[in-house]
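Trainee: For the sequence shown, the positions run 277 to 741 when my numbering is used. Ideal Cβ placement from N, Cα and C applies to all residues, glycine included. The following block contains the structure, expressed as structure tokens.
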Amino acid sequence: MLQGKARRYALAEIKSARLVTIKRVVNVSKNRLFVLPVCALLWSVVSAQAQPAVRIDSGLRADMRITIAVPPFVAVTPEHRALAEEMAQVVADDLAFSGLFILLPPSMYPPGFVGMERDVQHINLSAWRATKAENLVYGVVFQEGSQLVAQFRLFDLYSNQQLYGQEVRVERDHYRLAAHRFSEEVLRHTDGVPGIGTTEILFAGATGDGHKEIYVSDYDGSNLRKITSHQSVSIMPEVSPDGNSVVYLSYKDRYCFLYIFDRASGVSRALSKEVGLNSAASWSPDAKRLAMTLSKDGNAEIYLRDPNGDNATRITNNREGDTSPCFSPDGRRIAFVSDRGGRPQIYAMNVDGSEQTRLSFHGGSAYDPAWSPDGKSIAFVSVKPGEGFEIYTMGADGSNPMRMTDSSGVNESPSWSPDSRHLVYSSTRGGRPELWTFTIGTGEERRISRLSIGAEGPTWGPRRR
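Here it is, written out as structure tokens:
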């Protein structure tokens, strides 16, 4: 409804091809402008032009992965059996998702195996080692008072040593979170980098009545819930480094402004209500500043602003539009999009706006940069003749561009997992926009969104404490 009315008053378009800047600037009053995304208008055209290309990725060979056994956890009492088995499945799914493990199939479990022994001292590690598994996950689940108690163990079967042990006490409703936390520790103790089991993904989801709201789910798409209820169009969430706040765009006050949602209180407040463009906010690693795109001084430029809305400082000054800022993980650099060279490309600069350099030279247009948490790579969206909208990665210096996706749909809005091993993005390969993940190295893609009407604009949140 809002979008239809806005289109009738369309006056101009920002010259760009990125998610934030392929949009229509619409004059809805004499002194107010707002931005209307029009990527959807281009999907049918790009899809018709897109042609398959060879994916290039780093290639994690199967013989480099760790074979791990995750048998059903022991339930001390029968009423907890289903829950114990589900907790084991959560751990197994997390480890499989990482791309670093091969799960030992149940058909290869030791002969006569029914369930794990409650007493860890009686586990026959030699029998498990004979299966050729390298590691074994062991768990016992029981109730103590009002709390669920889970005892987790990780064994190295080659050395017959326990690598890690943990006992957690949680409310019954939090059993999945407890299992996710343990899987993160399995990754930490086998690979040196904790997993992503407790992370969340935030995104914009259609509600079926012409509106879009901000949703959050676990990284695998489970535990879906809606966090805004503006009955308007709310899009492009960006979660703070501590996971407690979400900045997003919304038309809830008639025009497109930036808001911050406090997850503890459930309250939203305005961050930026400038005349013209308010868009593309990105948190600094210390959460003390937000980079955003504003056009309050006439041109679309990048500004830094405090989270309370004060102290807007302009850091770009260019004849063409500069948008889509994202911080490097050390907070010293900002990647952004500019069409100063004639078409949108990825640039980087110091946080004060100095030393602006172009990074993308792979042909076509490039937009929507996302800097990996390890600082080594930048993901972005490429639009080239014969390809359409595809996700690429390149080195933080612009080197070694590699195509990640290879589909007939529009693939955009990449965001990195905290361990820099996965990307989440939106794709229309099935018709409507859905969320997909891509595992760097293995090339495995998974659809994770579970909304029947579509999901888009994802951002990957931090690990939960």
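Check the C-beta distance from residue 366 over to residue 456 and give it rounded, since I have them as a contact under 8 Å.
Mentor: Contact flag correct, Cβ pair sits at about 6 Å.
Trainee: Shortest alpha-carbon distance to residue 544 belongs to which of 553, 573, 550, 513?
Mentor: Taking only the C-alpha atoms, the option nearest residue 544 is 513.
Trainee: Mind checking who residue 507 pairs with in its DSSP beta bridge?
Mentor: Partner(s): none; residue 507 has no beta bridge.
Trainee: Using only CA atoms, which one of 560, 559, 568, 537 lies nearest to residue 550?
Mentor: Comparing Cα positions, the closest option is 568.
Trainee: Using 8 Å as the Cβ pair cut-off and three pairs as the minimum, do the stretch 517-526 and the stretch 547-566 touch?
Mentor: Output reads yes: the stretch 547-566 touches the stretch 517-526.
Trainee: Taking the straight line between their C-alpha atoms, what separation do you get for residue 686 and residue 546?
Mentor: Between residue 686 and residue 546, the C-alpha separation is close to 31 Å.
Trainee: Tell me whether residue 540 is buried or exposed, calling it buried when 16 or more other Cβ atoms sit within 10 Å of its Cβ.
Mentor: Counting Cβ neighbours within 10 Å, residue 540 comes out exposed, since fewer than 16 surround it.
Trainee: So, with DSSP's three-state summary, where would you put residue 452?
Mentor: Three-state result, residue 452: helix.
Trainee: Pick out whichever of 435, 736, 730 has its Cα sitting closest to the Cα of residue 647.
Mentor: That would be 736, whose Cα lies nearest to the Cα of residue 647.
Trainee: Apply the 10 Å Cβ neighbour rule to residue 697 and answer buried if 16 or more other Cβ atoms are within range, or exposed otherwise.
Mentor: Looking at its Cβ environment, which holds 16 or more other Cβ atoms inside 10 Å, residue 697 is buried.
Trainee: Relative to the alpha-carbon of residue 361, which residue among 373, 348, 355 has its alpha-carbon at the smallest distance?
Mentor: Of the candidates 373, 348, 355, the one whose C-alpha sits nearest the C-alpha of residue 361 is 348.
Trainee: Give me, in chain order, the residues of the same chain whose beta-carbon lies closer than 6 Å to that of residue 351; leave out the 5 immediate sequence neighbours on both sides.
Mentor: Contacts found: 357, 360, 417.
Trainee: For residue 669 and residue 630, what's the separation of their Cα atoms in angstroms?
Mentor: Their backbone Cα atoms lie some 24 Å apart in a straight line.
Trainee: Taking C-beta to C-beta, are residue 690 and residue 651 nearer than 9 Å?
Mentor: No, Cβ-Cβ distance for residue 690 and residue 651 is not below 9 Å.
Trainee: Of all the options 679, 600, 624, 476, which has the alpha carbon lying nearest to the alpha carbon of residue 742?
Mentor: Here the chain covers residues 277 to 741 and nothing more, so residue 742 does not appear.
Trainee: For a test of the three-state rule: what should DSSP assign to residue 361, helix, strand or coil?
Mentor: Helix.
Trainee: Using alpha carbons as the reference points, say which of 404, 460, 475 lies closest to residue 441.
Mentor: The shortest Cα separation from residue 441 among 404, 460, 475 belongs to 460.
Trainee: Secondary structure at residue 345, three-state DSSP: helix, strand or coil?
Mentor: Residue 345: strand per DSSP, three-state reduction.
Trainee: Going by CA-CA distance only, name the one from 595, 660, 517 that's closest to residue 741.
Mentor: Of the listed residues, the one whose Cα sits closest to residue 741 is 517.
Trainee: State the CB to CB distance for the pair residue 376 and residue 405, rounded to an integer number of angstroms; the pair is presumed to be in contact (CB under 8 Å).
Mentor: Incorrect: roughly 20 Å between the Cβ atoms, too far for contact.
Trainee: For residue 663, which of 484, 600, 641, 716 has the nearest alpha-carbon?
Mentor: The residue with the shortest Cα to Cα distance from residue 663 is 641.
Trainee: Grab me the residues of residue 732's own chain with a C-beta within less than 7 Å of its C-beta, minus the 5 sequence neighbours each way, in chain order.
Mentor: Closer than 7 Å at the Cβ level, and outside the excluded window around residue 732, lie 479, 480, 689, 702, 709.
Trainee: Is DSSP giving residue 272 helix, strand or coil here?
Mentor: There is no way to answer for residue 272, as the model of the chain reaches only from 277 to 741.
Trainee: Could you give the C-beta distance for residue 643 and residue 600, rounded to a whole number, given that I count them as a contact under 8 Å?
Mentor: Confirmed, Cβ separation roughly 6 Å.
Trainee: Exposed or buried, what is residue 398 when buried is set at 16 or more other beta-carbons lying within 10 Å of its beta-carbon?
Mentor: Exposed, since its Cβ has fewer than 16 Cβ neighbours within 10 Å.
Trainee: Need the endpoints of the beta strand (DSSP E) that residue 660 sits in, please.
Mentor: That run of the beta strand (DSSP E) goes 653-660.
Trainee: Over the uninterrupted beta strand (DSSP E) stretch that includes residue 687, give me the two end residues.
Mentor: Counting along the chain, the beta strand (DSSP E) containing residue 687 begins and ends at 687-692.
Trainee: Do residue 446 and residue 428 have their beta-carbon atoms positioned less than 9 Å apart in this structure?
Mentor: It is not a contact, given that the beta carbons lie outside the stated cut-off.
Trainee: Quick check on this structure: which residue in 510, 475, 488, 508 has the alpha carbon closest to the alpha carbon of residue 498?
Mentor: Cα-wise, what sits closest to residue 498 is 475.
Trainee: Should residue 621 go down as buried or exposed, given a rule of 16 or more other Cβ atoms within 10 Å for buried?
Mentor: Per the 10 Å Cβ criterion, buried.
Trainee: Helix, strand or coil for residue 599? Go by DSSP, reduced to three states.
Mentor: If DSSP states are grouped into helix, strand and coil, residue 599 belongs with the strands.
Trainee: Just list the residues that DSSP pairs residue 475 with in beta bridges.
Mentor: DSSP, once it has assigned bridges, lists no residue as partnering residue 475.
Trainee: Run through the stretch 415-461 for me and flag every whole beta strand (DSSP E) of 3 or more residues, listed as ranges in chain order.
Mentor: The stretch 415-461 contains these whole beta strand (DSSP E) runs: 423-432, 437-446.
Trainee: Would the beta-carbon of residue 712 fall within 9 Å of that of residue 649?
Mentor: No, Cβ-Cβ distance for residue 712 and residue 649 is not below 9 Å.
Trainee: Once the 5 residues before and after residue 677 are set aside, which same chain residues still bring their CB inside 6 Å of it?
Mentor: Once the five neighbours on either side are set aside, the close Cβ partners of residue 677 are 638, 668, 670.
Trainee: Using beta-carbon positions only, say whether residue 458 and residue 444 come within less than 9 Å of one another.
Mentor: Contact: yes.
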